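Numbering (our numbering), first residue to last: 369 to 572.
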């Protein structure tokens with residue numbers, strides 16, 4: 369007779385039941401999502417900087433700033449859609465919704481703590497990318513989280529050292545860091561190759 373413990377559902381691992389995702393497809397998803405993130409990133413920053421300016425023309429520029437901010441925000445869901453579908457997520461719509469939630473939950477507090485929008489956007493988008501991009505192993509999220517944290521920290525330092533020049537490479541950091549973290553996890557999981565045994569020498 370089956371007990372209650374025997375009837376517990378078994379949680380499926382990320383990517384369970386699907387073929388392994390080749391690195392070429394993963395980096396294609398990362399590249400296309402990053403290309404879509406670039407205009408969204410710059411539009412959001414342009415809107416935020418314009419709204420935060422103390423110029424006398426700030427009130428006149430408010431509609432344009434709001435339009436730029438809205439345009440950037442409207443592109444973010446499509447960034448996660450590209451990541452989820454091109455990486456062949458098991459449940460792409462669910463992954464996109466989770467990514468949007470994480471993007472807001474992480475990005476807004478980090479922007480407030482760092483006192484700059486660049487760090488917050490990198491952290492928020494990177495947090496969303498952790499769940500949007502298909503993971504091959506269940507423990508891979510830890511390496512991804514570390515990569516996103518490092519990308520956000522690097523953006524924080526870069527903004528204060530080089531100023532506006534940090535806007536150019538910043539959109540590349542989050543998803544590239546996640547891809548590198550995945551390769552690191554796969555490298556750690558690969559068993560070492562056995563050393564070849566020396567062939568016995570014939571006796572004279």
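In this text, a Cβ means the ideal position worked out from N, Cα and C, and glycines have one as well. Since this is a predicted model, take the numbers as computed values, not measurements.
Check, Outcome
"Using alpha carbons as the reference points, say which of 389, 393, 446 and 391 lies closest to residue 407.", "446"
"Does the count of Cβ pairs from the region 442-462 and the region 487-504 closer than 8 Å reach three?", "yes"
"Am I right that residue 514 and residue 492 are in contact with their C-beta atoms under 8 Å? What's the rounded C-beta distance?", "Residue 514 to residue 492, Cβ: 16 Å. No contact."
"Taking 9 Å as the cut-off, decide whether the C-beta atoms of residue 438 and residue 471 are in contact.", "no"
"Cα-Cα, which of 440, 453, 394 and 484 is closest to residue 412?", "440"
"Check the C-beta distance from residue 475 over to residue 489 and give it rounded, since I have them as a contact under 8 Å.", "6 Å"
"Candidates 511, 552 and 524: which alpha carbon is nearest residue 483's?", "524"
"So for residue 483, helix, strand or coil by DSSP?", "coil"
"Could you compute how far the alpha carbon of residue 398 sits from the alpha carbon of residue 410?", "18 Å"
"One question on the structure: do residue 541 and residue 511 come within less than 9 Å of each other, judged by their Cβ atoms?", "no"
"Within 10 angstroms of its Cβ, does residue 416 collect 16 or more other Cβ (buried), or is it exposed?", "buried"
"Which residue marks the beginning of the alpha helix (DSSP H) containing residue 528, and which one marks its end?", "508-530"
"Taking the alpha-carbon of residue 452 as reference, which of 436, 480, 393 and 507 has the nearest alpha-carbon?", "393"
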